[in-house]
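Here the structure is laid out as structure tokens; the discussion comes afterwards.
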Amino acid sequence: MASTSPLTITTFLSSDAGLNSVCALIQGSTDSVLVDVPFLLSDARNLVQMVRDSGTRLTTIFVTHGHPDHWFTLSLFAEEFPEAKMVAHPKVAEQIEGIREKKFKQWKPVFGDEIGEKLVGPTAMSEMFLRLEGRELPIIYVAVADSEEATLVWVPELETLIVGDLGSSDTHVYMAEHDAALRAEFLKSVYAMGDLSPKTIIPGHMDAGSSMDADYVIKWTADYLKKFEEIVSDNPTEEEYSRRAAEAWGEIPVAFAVPLNAAAALRGEYF
Ligand SMILES: [Zn+2]
Numbered sequence: 233m234a235s236t237s238p239l240t241i242t243t244f245l246s247s248d249a250g251l252n253s254v255c256a257l258i259q260g261s262t263d264s265v266l267v268d269v270p271f272l273l274s275d276a277r278n279l280v281q282m283v284r285d286s287g288t289r290l291t292t293i294f295v296t297h298g299h300p301d302h303w304f305t306l307s308l309f310a311e312e313f314p315e316a317k318m319v320a321h322p323k324v325a326e327q328i329e330g331i332r333e334k335k336f337k338q339w340k341p342v343f344g345d346e347i348g349e350k351l352v353g354p355t356a357m358s359e360m361f362l363r364l365e366g367r368e369l370p371i372i373y374v375a376v377a378d379s380e381e382a383t384l385v386w387v388p389e390l391e392t393l394i395v396g397d398l399g400s401s402d403t404h405v406y407m408a409e410h411d412a413a414l415r416a417e418f419l420k421s422v423y424a425m426g427d428l429s430p431k432t433i434i435p436g437h438m439d440a441g442s443s444m445d446a447d448y449v450i451k452w453t454a455d456y457l458k459k460f461e462e463i464v465s466d467n468p469t470e471e472e473y474s475r476r477a478a479e480a481w482g483e484i485p486v487a488f489a490v491p492l493n494a495a496a497a498l499r500g501e502y503f
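Shown next, in the form of structure tokens:
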């Protein structure tokens with residue numbers, strides 16, 4: 233039976249150290265669903281509090297894609313909300329299982345207590361939607377976003393698309409796993425976010441207070457990708473690249489992506 237009370241979505245923005253990642257709590261009248269969790273535990277504890285303050289029962293945690301800044305603190309949520317299912321598209325769940333140990337070894341020494349003692353991944357979901365109080369919120373599979381194997385969540389009644397790292401708002405865009413062909417696919421996927429005519433797009437990374445207007449997020453992300461191609465097509469040195477990046481975008485969040493993007497595009501050294 234469909235519920236009649238409207239849904240609301242509350243977003244959570246991680247700290248600068250947590251790479252300004254965005255998580256979204258979709259709330260019904262009694263239940264809620266969380267899309268993505270933070271990279272670092274200090275951010276995750278704040279998000280746990282936000283979920284508790286909502287007064288809703290968290291039934292499901294959904295992970296959009298395999299990058300650590302969207303699932304690394306699942307173990308905390310498993311402790312805090314043992315009744316919530318933690319799920320992802322089968323291809324995303326498989327990818328996370330494949331990188332879980334390697335990513336733990338890579339990031340635990342860097343972030344110490346900000347990373348849990350063990351990492352838990354999501355399980356593969358069998359149906360391509362999230363259930364919330366009688367509603368079915370569709371999951372849309374995207375072969376190439378800023379990673380390969382990504383997914384979006386569509387919330388029809390709010391005309392809102394939750395896009396993980398397919399969209400950014402006023403931050404650098406990470407492209408360090410992509411060659412030119414994958415970057416071109418990424419750009420096509422960015423434009424395809426408009427196919428459902430969303431009014432709001434909740435991006436995977438944003439600056440505090442930045443716009444979630446759908447047209448704005450599509451334009452910011454597409455413009456970033458196009459500007460990037462324009463700069464790298466001149467085959468600059470990496471030093472020259474960072475100078476031109478600073479000129480193009482100024483000081484904006486997710487700056488860690490700048491040298492990594494340059495190394496990938498200019499030297500074929502993928503992160
Ligand atoms: Zn991300």
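Per the working numbering, the very first residue in the sequence shown carries number 233; after that it's consecutive. Glycine included, C-beta positions come from ideal geometry on N, C-alpha and C.
Got a list of residues with beta-carbon closer than 5 Å to any non-hydrogen atom of ligand 1, in chain order? Counting only heavy atoms of ligand 1, the residues whose C-beta sits closer than 5 Å to one of them are, along the chain, HIS299, ASP301, ASP397 and GLY436.
Can you tell me whether GLU329 is helix, strand or coil according to DSSP? Numbered from 1 along the sequence shown, position 97 holds the residue referred to as residue 329. Helix.
Look at the alpha carbon of GLY353 and the alpha carbon of ASP275, and state the distance between them as a whole number of angstroms. Along the sequence shown, one-based indexing puts residue 353 at 121. Along the sequence shown, one-based indexing puts residue 275 at 43. About 18 Å.
Three-state secondary structure (DSSP) of TYR502: For the purposes of this step, residue 502 is taken as residue 270 along the sequence shown, with counting starting at 1. Here DSSP, grouped into helix, strand and coil, assigns TYR502 to coil.
Using 8 Å as the threshold, is the stretch 469–483 in touch with the stretch 419–427, meaning 3 or more CB pairs across them? Contact between the stretch 469–483 and the stretch 419–427 is absent, because fewer than three Cβ pairs lie under 8 Å.
Is the beta carbon of MET360 sitting closer than 8 Å to the one on ALA496? Looking up residue 360 in the sequence shown gives position 128. Looking up residue 496 in the sequence shown gives position 264. Going by C-beta atoms, MET360 is not nearer than 8 Å to ALA496.
With 16 other Cβ atoms within 10 Å as the buried cut-off, status of ALA480: Walking along the sequence shown from the start, residue 480 turns up at place 248. So ALA480 counts as exposed.
I need the DSSP call for SER235, collapsed to helix, strand or coil. Numbered from 1 along the sequence shown, position 3 holds the residue referred to as residue 235. Any reading at SER235 is ruled out, since the residue's pLDDT is 49, under 50, leaving its predicted position unreliable.
Taking 8 Å as the cut-off, decide whether the C-beta atoms of TRP452 and SER401 are in contact. In the sequence shown, counting from the first residue as 1, residue 452 sits at position 220. In the sequence shown, counting from the first residue as 1, residue 401 sits at position 169. Yes, they are a contact pair.
If you drop the 5 nearest sequence neighbours on each side, which residues of the same chain put their C-beta closer than 7 Å to that of LEU457? As a first step, residue 457 must be located in the sequence shown, where it is residue number 225. In chain order, VAL405, ARG415, PHE418, LEU419 and VAL422 place their CB closer than 7 Å to the CB of LEU457, counting only its own chain and leaving out the 5 sequence neighbours on each side.
Distance between beta carbons of LEU351 and ALA316, contact taken as under 8 Å: Residue mapping note: residue 316 aligns to position 84 of the sequence shown, counting from 1. Residue mapping note: residue 351 aligns to position 119 of the sequence shown, counting from 1. In fact, because the Cβ distance is near 17 Å, the residues do not count as touching under 8 Å.
Do you know whose CA, among SER429, LEU393 and SER443, lies nearest VAL385's CA? Start at 1 with the first residue of the sequence shown, and residue 385 comes out as number 153. Of the listed residues, the one whose Cα sits closest to VAL385 is LEU393.
Quick one: Cα of GLU349 to Cα of ARG332, how far? Translated into positions along the sequence shown, residue 349 becomes position 117. Translated into positions along the sequence shown, residue 332 becomes position 100. Their Cα atoms are separated by approximately 12 Å.
Under three-state DSSP, which class holds VAL280? Counting from one through the sequence shown, the residue named residue 280 turns up at place 48. In the structure shown, VAL280 sits in a helix (DSSP, three-state: H, G or I).
Relative to the alpha-carbon of SER286, which residue among ILE484, LEU272 and SER264 has its alpha-carbon at the smallest distance? As a working note, residue 286 is residue 54 in the sequence shown. If we check each option's Cα against that of SER286, SER264 comes out closest.
Once the 5 residues before and after VAL280 are set aside, which same chain residues still bring their CB inside 6 Å of it? Translated into the one-based positions of the sequence shown, residue 280 becomes position 48. Taken in chain order, the residues that qualify are GLU312.
Whole-angstrom C-beta distance between MET438 and ASN252, which should lie under 8 Å: For this step, residue 252 is matched to residue 20 along the sequence shown. For this step, residue 438 is matched to residue 206 along the sequence shown. ASN252 to MET438, Cβ: 6 Å. Contact.
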